[in-house]
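Here's the structure we're looking at; comments come further down.
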Amino acid sequence: MGEYRVLIGGGSPQWRAGLGAAFTGNVAFEVAGSVDSSELLEAAARVYPEVVLWKPEDEDPVPVIRELKLKCPFTLPVLMVHDPQKVDLMELLRAGVRGCIPLRLLPRQIVHSLELIVTAGLVCLPRLGPEFFGSPNNGTGTALDGLTRREREVLSLLGKNLSNQEIAQALFLSVSTVKTHLRSIFRKLGVKNRAEALTLTLSLQAGVAC
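Residues in the sequence shown are numbered consecutively from 1, following the working numbering.
What follows is the structure, given as structure tokens:
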């Protein structure tokens with residue numbers, strides 16, 4: 001039995017079957033069910049899986065994710081997305097999405113990406129264009145360049161998903177000093193919390209994007 005039970009939702013029955021087959025032999029996961037999008041919330045409440053891997057179609061995923069988190073607060077929602085440029089990533093993160101995976105990946109690559117998201121704590125994103133981060137003309141480049149050397153060090157460790165305590169130990173700082181640096185980083189980058197800062201950091205690191 002896998003450590004994480006996965007509920008696959010959305011897409012055609014054939015697509016779900018093909019994706020489910022890709023989990024065969026993976027010791028980390030066990031497919032707990034496969035349902036249409038209309039049955040997703042009911043199935044999740046019944047099965048209470050560790051992970052929901054969902055391919056939304058035309059519907060807005062945010063209300064569904066919010067309701068899913070109310071019904072199953074410890075379930076990790078991961079979305080399969082068609083077009084990364086049409087995804088409001090920050091809104092999805094605030095709703096409770098743990099990660100996004102592009103549909104262009106092969107089934108085995110999807111499973112590997114899901115493993116990175118669930119077991120390594122990474123937000124495995126599709127490659128996002130410069131329009132996601134903005135251009136130097138709209139101030140984003142200036143904000144990144146405006147980070148101090150120490151703030152860049154803190155941001156780099158944040159990108160490795162380290163806790164405040166772990167960052168403090170790595171840089172020989174107090175936890176309160178790390179929190180001060182993080183508040184400054186959030187303000188300069190225009191993000192609200194660690195999740196948004198982590199998403200931005202991971203997306204800027206070419207090795208993390210899918």
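Yeah, the Cβ is synthetic: ideal placement off N, Cα and C, and Gly gets one too.
Grab me the residues of glycine 207's own chain with a C-beta within less than 7 angstroms of its C-beta, minus the 5 sequence neighbours each way, in chain order. Here the question's residue 207 lines up with position 207 in the sequence shown. Because glycine 207 sits at a pLDDT of 36, beneath the cut-off of 50, its placement in the model cannot be relied upon, and the point is left open.
Start and end residues, beta strand (DSSP E) containing lysine 55: Along the sequence shown, one-based indexing puts residue 55 at 55. Counting along the chain, the beta strand (DSSP E) containing lysine 55 begins and ends at 51–55.
Comparing alpha-carbon positions, which option in Lys188, Leu173, Ala168, Val111 lies nearest glycine 25? Taking the first residue of the sequence shown as 1, we reach residue 25 at position 25. Considering only alpha carbons, the answer is Val111.
Glycine 134 in three-state terms, based on DSSP: Stepping through the sequence shown from its first residue, residue 134 is reached at position 134. Only weak support exists for where glycine 134 lies, its pLDDT of 45 falling under 50; the coordinates are left without a value.
Helix, strand or coil for phenylalanine 172 per DSSP? On the sequence shown, residue 172 is found 172 positions in, with the first residue counted as 1. Coil, per DSSP.
Please state whether DSSP places leucine 99 in a helix, a strand or coil. Here residue 99 is taken as the residue at index 99 of the sequence shown, counted from 1. Residue identity check: residue 99 is glycine in the sequence provided, not leucine. Strand.
Reference valine 154; option with closest CA among Pro13, Thr119, Lys192, Ala197: Position 154 of the sequence shown, counted from the first residue, corresponds to residue 154. Closest option to valine 154, Cα to Cα, is Ala197.
If you follow the alpha helix (DSSP H) that serine 163 is in, where does it begin and where does it stop? On the sequence shown, residue 163 is found 163 positions in, with the first residue counted as 1. Careful: serine 163 lies outside any alpha helix (DSSP H) and carries neither H nor E.
Ignoring anything shorter than 3 residues, give me the beta strand (DSSP E) runs that lie fully in the region 16–60, in order along the chain. 29–35, 51–55
Assuming leucine 70 contacts isoleucine 8 (C-beta within less than 8 angstroms), just tell me the rounded distance between them. Here residue 70 refers to the residue found at position 70 when the sequence shown is read from its first residue. Here residue 8 refers to the residue found at position 8 when the sequence shown is read from its first residue. Contact flag wrong, Cβ pair sits at about 21 angstroms.
Alpha-carbon spacing of alanine 17 relative to arginine 46, whole angstroms: Counting from one through the sequence shown, the residue named residue 17 turns up at place 17. Counting from one through the sequence shown, the residue named residue 46 turns up at place 46. Each residue's alpha carbon lies about 20 angstroms from the other.
Per DSSP, what kind of secondary structure is arginine 5 in: helix, strand or coil? Walking along the sequence shown from the start, residue 5 turns up at place 5. Strand, per DSSP.
Nearest-angstrom Cα distance between phenylalanine 29 and leucine 116? Translated into positions along the sequence shown, residue 29 becomes position 29. Translated into positions along the sequence shown, residue 116 becomes position 116. Near 12 angstroms, if we compare the C-alpha coordinates of leucine 116 and phenylalanine 29.
Alpha-carbon spacing of lysine 160 relative to proline 73, whole angstroms: On the sequence shown, position 160 is the one that residue 160 refers to. On the sequence shown, position 73 is the one that residue 73 refers to. Using only the alpha carbons, I get a separation of about 25 angstroms.
Under the three-state DSSP convention, the category leucine 147 falls into: Taking the first residue of the sequence shown as 1, we reach residue 147 at position 147. The answer is coil: DSSP assigns leucine 147 none of H, G, I, E or B.
For arginine 194, which residues in the same chain have their Cβ closer than 6 angstroms to its Cβ, ignoring the five residues on either side in sequence? The count along the sequence shown starts at 1 and reaches residue 194 at position 194. There are no such residues.
Based on DSSP bridge pairs, tell me the residues matched to valine 81. By 1-based counting over the sequence shown, the position of residue 81 is 81. According to DSSP, valine 81 bridges with Pro102.
Own chain residues within Cβ distance below 7 angstroms of valine 62, not counting five before or after: Numbered from 1 along the sequence shown, position 62 holds the residue referred to as residue 62. So the qualifying residues of the chain are Glu91, Leu92, Ala95.
For my contact list, glutamate 50 and arginine 5 are in at a C-beta cut-off of 8 angstroms; report their separation, rounded to the angstrom. Within the sequence shown, residue 50 is the residue found at index 50, counting from 1. Within the sequence shown, residue 5 is the residue found at index 5, counting from 1. Contact flag correct, Cβ pair sits at about 5 angstroms.
Give me the Cβ distance between proline 107 and alanine 22, rounded to the nearest whole Å; I'm assuming they're in contact under 8 angstroms. For this step, residue 107 is matched to residue 107 along the sequence shown. For this step, residue 22 is matched to residue 22 along the sequence shown. 3 angstroms between Cβ atoms; contact.
Exposed unless 16 or more other CB atoms sit within 10 angstroms - verdict on serine 176: Taking the sequence shown and counting its residues from 1, the one referred to as residue 176 is at position 176. Label assigned to serine 176: exposed.
Could you work out which residue in Gly10, Lys188, Ala44 is closest to leucine 76 when comparing CA atoms only? Within the sequence shown, the letter at position 76 stands for residue 76. Selected option, being the one with the closest Cα: Ala44.
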